[in-house]
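For the sequence shown, the positions run 3 to 130 when the numbering used here is used. Where is the CB? At the ideal position from N, CA and C, for every residue including glycine.
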Amino acid sequence: MAAAEPSVTISGLPFPPSVNHYWRHVGGRTLISQKGRAYRDGVIHDVEELGLRAITGPIRLEVMVTRPDRRRRDIDNLLKSLLDALAYADVYEDDSQVQDLRIYWKCDENQQPAIVAGGECEVRIWRI
Numbered sequence: 003m004a005a006a007e008p009s010v011t012i013s014g015l016p017f018p019p020s021v022n023h024y025w026r027h028v029g030g031r032t033l034i035s036q037k038g039r040a041y042r043d044g045v046i047h048d049v050e051e052l053g054l055r056a057i058t059g060p061i062r063l064e065v066m067v068t069r070p071d072r073r074r075r076d077i078d079n080l081l082k083s084l085l086d087a088l089a090y091a092d093v094y095e096d097d098s099q100v101q102d103l104r105i106y107w108k109c110d111e112n113q114q115p116a117i118v119a120g121g122e123c124e125v126r127i128w129r130i
């Protein structure tokens with residue numbers, strides 16, 4: 003069972019590119035797109051300011067995503083770029099450590115999707 007308070011909370015992370023925009027196929031190779039690399043660099047910058055040390059062992063991860071607009075999106079398409087960026091930023095060693103995962107859209111007091119220009123994510127991590 004996870005502790006009541008998360009071990010780490012990271013607020014204000016940029017809205018992740020969908021998996022459809024994260025990868026590019028070039029000459030038979032699959033590469034992270036320019037947009038994907040820019041996203042990863044933004045996450046690294048935000049995390050470096052927190053001075054975190056990589057979490058080891060199994061973790062529970064919860065992601066609250068605030069939409070950038072009212073367009074329909076598949077929430078599961080946002081996970082790959084976010085989880086990879088967090089690992090690359092040394093928040094944890096590898097996303098294979100994630101044993102429990104929840105992602106959800108932030109809603110306002112009327113249970114309508116919350117909107118913020120550009121979108122953003124908040125990540126909470128518990129050691130388990």
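Nearest by alpha-carbon distance to residue i: which of the options is it?
i      : options                        : result
Ala116 : Val45, Asp71, Thr32 and Pro18  : Asp71
Gly11  : Glu51, Lys82 and Leu33         : It should be pointed out that residue 11 corresponds to Thr in this sequence rather than to Gly. Considering only alpha carbons, the answer is Glu51.
Trp128 : Gly30, Gly29, Asp86 and Thr58  : Thr58
Thr103 : Arg126, Ala91 and Gly120       : One point to set straight first is that residue 103 is Leu, not Thr, in the sequence displayed. The residue with the shortest Cα to Cα distance from Leu103 is Arg126.
Arg39  : Arg26, Val49 and Gln101        : Arg26
Glu118 : Asn79, Val100, Arg69 and Ile77 : The residue you asked about is not Glu; residue 118 is Val in the sequence shown. The candidate whose alpha carbon is nearest that of Val118 is Arg69.
Met66  : Gly120, Trp107 and Pro60       : Trp107
Ile105 : Val45, Arg74, Val93 and Arg62  : Arg62
Val21  : Ala87, Tyr94 and Asp96         : Ala87
Quick check on the burial criterion: 16 or more other C-beta atoms within 10 angstroms. Buried or exposed for residue i?
i      : result
Glu122 : buried
Leu33  : exposed
Ser83  : buried
Ala5   : Unreliable placement is indicated for Ala5, whose pLDDT of 49 sits below 50; no coordinate value is reported for it.
Gln114 : exposed
Val28  : exposed
Tyr24  : buried
Met3   : Here Met3 scores only 49 on pLDDT, less than 50, and its place in the model should not be relied on; the value that follows carries that caveat. Answer is exposed; the Cβ neighbour count stays below 16.
Gln99  : buried
Per DSSP, residue i is paired with what?
i      : result
Leu103 : Leu63
Ile117 : Arg69
Pro16  : Glu122
Val28  : Arg31
Ile127 : Val10 and Leu63
Starting from residue i, trace the alpha helix (DSSP H) both ways and give me its first and last residue.
i     : result
Val21 : Val21 to Tyr24
Between which two residues does the beta strand (DSSP E) containing residue i stretch?
i    : result
Pro8 : It is not in any beta strand (DSSP E) - Pro8 carries neither H nor E in the DSSP assignment.
Runs of alpha helix (DSSP H) lying entirely within the segment 33-81, each at least 4 residues, in chain order: 36-50
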